[in-house]
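Below you'll find the structure, written out as structure tokens, and then a few comments.
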Amino acid sequence: MRTLISNIGCLAGITADNNVRRGDSLRAMDMLHNAWLLIEDGFIADFSRHETSIPPNADITIDARNAYVLPSWCDSHTHLVFATSREEEFVDKIRGLSYADIAAKGGGILNSAGKLSLASEEELVESATQRLNEVALLGTGAIEIKSGYGLSVEGELKMLRVIQRLKRESKLTIKSTFLGAHAFPPDYKNDHEGYISMLIDELLPVIANEQLADFIDVFCETGFFSPEETERVCLAGIRHGLKPKIHANQLNLSGGVETGVKVGALSVDHLETMDQHAINCLANSATIGTMLPTAAYFLRMNFQPARQLIDANCAIALASDYNPGSSPSGNMNQVVSMACIQLKMLPEEAINAATINGACAMDVQEIVGSIAPGKKANLIITKQIPSLAYLPYAFGSNLIDKVLLEGEIVLP
Ligand code: NIG
Ligand code: FE
């Protein structure tokens, strides 16, 4: 089956180089005007190499009407499987409570864990599928999803099995992360050792045996997991074949970045609270710093120091952190806009951070994240826009006309 996208005003994000972008290379973006793109059996087969190239024949033609075509967003950090929303905590925050205050009184992650324990696998698949469809229509074509609201053997396995079903049933490229070390459940509040050995000795062998996760994550934060605890859990994950991707430096200078780099994490995520030591440490590593601007926005925190990270030559990505407590939005268009407006990233930098670098932060850069022959045809066709910069600039408009996943148009 051959599908042609004709009349492309500008094909952007063309590259067969799958290395993570850093420094000046983050703003490099290859584009081709007056282009066409051919899809064969769900994969990009070819595209025009010059402006006068004649489009080939195909079974189906999609007229891009002179708009932009981009690789779909690669959202490398989400908690998309959850049982219920938490808008009551949102109101508590408006009234003055902090994220830490809410967590301390049993809200936050523990609130979501309580709700998740009451939901069936079927219910969780259904609500997560709705969220996946929503973000697909907003242009996301690859996504990482974490466990971490189970906090028990049954709960964590239930979440990971839900993600496994989503992988099988969805057209999005999905990666799964075991985040049992998200918070200490009440029974283990004073028995960290007991909880950590449950994660390492009981859960990890089952997860590895049933191939339920690709990555391991720890919430390295004051009041949650210490750097030493984080390191132990990550090393155990590595022994079971899971690469770490950790929550670091969100609320405090938690030592998470340093720990992540030490264990060779694929990414350290959040980075609202950074100092020069953490920046230098990240800059001299292969670990990707993933920034989650909508979480900083929602929690009214300082935004991530993107310019300092780029200037220091750190590899950075952008993701949504979609979750009910700190970022109840999986809209990557908003993430890209916010990165330009508040983090002062150039549009090309933000788009690369949300596509090819996001793909690198999920280890799927060989199959998605750019326009290149052989990659999945997971694409965004925009509405008619005057320039690429217009995408993040017009932050309130939905500028997506069509989304393709494996070469097929996503229907509402
Ligand atoms: O990435 N920081 C820890 N975990 C999530 C929040 C989870 C929640 O509040 O439910 C985050 O922000
Ligand atoms: Fe998170």
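Numbered per the working numbering, the sequence shown spans residues 208 to 619.
A virtual CB, placed ideally from N, CA and C, is assigned to each residue, including glycine.
In the DSSP output, which residue or residues are listed as bridge partners for residue i?
{"i": "M238", "result": "A219"}
{"i": "N530", "result": "S534"}
{"i": "D282", "result": "I350"}
{"i": "F602", "result": "DSSP, once it has assigned bridges, lists no residue as partnering F602."}
{"i": "I607", "result": "T589"}
{"i": "P451", "result": "I423"}
Can you tell me whether DSSP reads residue i as helix, strand or coil?
{"i": "M498", "result": "strand"}
{"i": "Y275", "result": "strand"}
{"i": "K327", "result": "A small correction: the amino acid at residue 327 is Ser; Lys does not occupy that position in the sequence shown. Here S327 sits in coil by DSSP."}
{"i": "G521", "result": "Note on identity: in this sequence residue 521 is Cys, with Gly being the wrong assignment. If DSSP states are grouped into helix, strand and coil, C521 belongs with coil."}
{"i": "F426", "result": "strand"}
{"i": "V464", "result": "helix"}
{"i": "T336", "result": "helix"}
{"i": "H477", "result": "strand"}
{"i": "F505", "result": "helix"}
{"i": "L244", "result": "strand"}
Take residue i and list the residues in its own chain whose beta-carbon comes closer than 8 Å to its own, dropping the five residues that flank it on each side.
{"i": "Y306", "result": "K300, G315, L458, L506, G532 and S533"}
{"i": "E465", "result": "P434, H484, A485 and C488"}
{"i": "A311", "result": "G430"}
{"i": "E409", "result": "V360"}
Just checking residue i against the ligand NIG - is the residue's beta carbon closer than 7 Å to any of the ligand's heavy atoms?
{"i": "I656", "result": "No answer is possible for residue 656: the residues shown for the chain start at 208 and end at 619."}
{"i": "L315", "result": "Sequence inspection shows Gly at residue 315; the Leu mentioned does not correspond to that position. Yes, Cβ of G315 sits closer than 7 Å to a heavy atom of the ligand NIG."}
{"i": "A502", "result": "yes"}
{"i": "S319", "result": "yes"}
{"i": "S533", "result": "yes"}
{"i": "F422", "result": "no"}
{"i": "Q515", "result": "no"}
{"i": "F426", "result": "yes"}
{"i": "H454", "result": "yes"}
{"i": "Q457", "result": "yes"}
{"i": "I389", "result": "The question names Ile, but residue 389 is His in the sequence shown. Yes, the beta carbon of H389 sits closer than 7 Å to at least one heavy atom of the ligand NIG."}
Report yes if the C-beta distance between residue i and residue j is below 8 Å; otherwise report no.
{"i": "L364", "j": "V413", "result": "yes"}
{"i": "T501", "j": "Q541", "result": "yes"}
{"i": "D608", "j": "K583", "result": "no"}
{"i": "I523", "j": "G346", "result": "no"}
{"i": "G471", "j": "C427", "result": "no"}
{"i": "L386", "j": "K353", "result": "yes"}
{"i": "N191", "j": "G348", "result": "One cannot answer for residue 191 here, as it falls past the ends of the chain, which runs 208 to 619."}
For chain C, check one thing: does any of its Cβ atoms lie closer than 8 Å to the Cβ of residue i?
{"i": "L449", "result": "Among the chains in the structure shown there is no chain C, since it carries only a single protein chain."}
Using a Cβ-based criterion (distance less than 7 Å to any ligand heavy atom), does residue i qualify as near the ligand FE?
{"i": "N530", "result": "yes"}
{"i": "H286", "result": "yes"}
Which same chain residues, not among the five before or five after residue i, have their C-beta less than 7 Å away from its C-beta?
{"i": "S545", "result": "Rather than Ser, the amino acid found at residue 545 in this sequence is Met. P500, T501 and Y504, listed in sequence order."}
Below 6 Å CB to CB, which residues in the same chain sit around residue i once its five sequence neighbours on both sides are set aside?
{"i": "T291", "result": "K322"}
{"i": "N241", "result": "E258"}
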